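Residue numbers (our numbering): 2 to 304.
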């Protein structure tokens, strides 16, 4: 997928405890070493760089964008490509803490191995969640409530210090303070009212950890999101529900497929998109089927 292409590589220097700052030359050499016709590496200096560069990539003559960073960087690049309406493939160079989309696609988590895998990879089209309420897109999941609280507490400093454990610490802390809210959910035009504390829309969550397939059982190739509602507060109730959602088979009974979701909450709930806190409810999400092309390893089984 790299051979003969004009490649733009976007690197986030703060990803993965700052290791993104040290890879500029290695990424350029690696991309050219795998046969790219040209390679330009740009290092972000602010949150809008990845978005603006990816939006303009096709007009500038690039025909592949490498997103080097965590899931926030990958989502920003995908948002730019999506906004441009250009079918420019996106290759993920995982440099972050969670690296969720890289895990879904099966991209190796070490930069050199990732480039090797992407060079021999294949294009796959993924669904995108248009978060119309906040003018954003989501590749993995978005939601209101506990997940947003966790990602707000697991800030850059905590992730640099603790890595993935920052999310666990934040989850334990946030679950102790949960309160039920009055929720109004609209799923494909069907409205229901209930009491609860969290609503999550999953797009791409099928992955393997330590050789085990884990859920929720949501695939980015079916034109649908999968919605879960968490109603009971308390650390033990949240833990039981989280473990059920991580069980690929067990999660299916808890997921409602939909193409459109709207969430209203009283009082408002915080909202996150692919791990980034972005404001409060109302949250409105629509599925854009097969909207962005990504590069997956040759043995990727989805799509």
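Backbone N, C-alpha and C fix where the C-beta goes; we use that ideal spot for every residue, glycine too.
Computed from a predicted structure; not experimentally measured.
What's the gap between the Cα of residue 96 and the Cα of residue 265? 35 angstroms
As a quick exercise: from 118, 204, 117, pick the residue whose alpha carbon is nearest that of residue 305. Here the chain covers residues 2 to 304 and nothing more, so residue 305 does not appear.
Per-residue burial, residue 229 [other beta carbons within 10 Å of its own, 16 or more giving buried]: buried
Measuring CA to CA, which of 280, 287, 276, 226 is closest to residue 258? 226
Let's see if you can read the secondary structure: which residues bound the alpha helix (DSSP H) around residue 290? Run containing residue 290: none in the alpha helix (DSSP H); it sits in the beta strand (DSSP E), 284-297.
Smallest Cα separation from residue 137: which of 43, 88, 277, 239? The candidate whose alpha carbon is nearest that of residue 137 is 277.
On the criterion of 16 or more Cβ atoms from any shown chain inside 10 Å, does residue 6 qualify as buried, or is it exposed? buried
Does the count of Cβ pairs from the region 290-297 and the region 118-128 closer than 8 angstroms reach three? As far as the Cβ criterion goes, the region 290-297 touches the region 118-128, which means the pair count is three or higher.
Residue nearest to residue 263 in terms of C-alpha spacing, selected from 184, 89, 120: 184
Per DSSP, residue 129 forms a beta bridge with which residues? 289
According to the Cβ coordinates, are residue 52 and residue 73 closer than 7 angstroms? no
Expected contact under 8 angstroms - CB spacing of residue 293 and residue 130 to nearest Å: With 8 angstroms as the limit, residue 293 and residue 130 do not qualify as a contact, their Cβ atoms being about 11 angstroms apart.
Where in the region 46-70 do unbroken runs of the alpha helix (DSSP H), each at least 4 residues long, occur, reported from the N-terminal end onward? 50-57
How about residue 132: is its C-beta nearer than 7 angstroms to some C-beta of chain B? Among the chains of the structure shown, chain B does not appear; only one protein chain is present.
Please work out which residues of its chain come closer than 7 angstroms, Cβ to Cβ, to residue 118, disregarding the five sequence neighbours upstream and downstream, and give them in chain order. The beta carbon of residue 118 sits closer than 7 angstroms to those of 108, 109, 298, all from its chain and outside the five residues before and after it, given in chain order.
Check residue 187 in the structure and name its three-state DSSP category. Strand, per DSSP.
Alpha carbon to alpha carbon, how far is residue 302 from residue 240? C-alpha separation (whole angstroms): 30 angstroms.
Tell me which residue opens and which closes the alpha helix (DSSP H) that residue 72 is part of. 72-85
Cutoff 7 angstroms; reference residue 328; Cβ partners in own chain excluding five residues on either side: With the chain represented from 2 up to 304, any question about residue 328 goes unanswered, as that position is not in the structure.
Run through the DSSP bridge pairs and tell me what residue 280 is partnered with. 272
In terms of alpha-carbon separation, which member of 218, 214, 132, 8 lies closest to residue 273? 132
If we ignore side chains and look at the alpha-carbon of each, how far apart do residue 92 and residue 42 end up? 14 angstroms
Near the ligand SAH: residue 204 beta-carbon under 6 angstroms from a heavy atom: The ligand content of the structure shown is nil, which means the ligand SAH is not present either.
Residue 149 vs residue 35 beta-carbon contact at 7 angstroms: no
Alpha carbon of residue 83 to alpha carbon of residue 201, nearest angstrom: 22 angstroms
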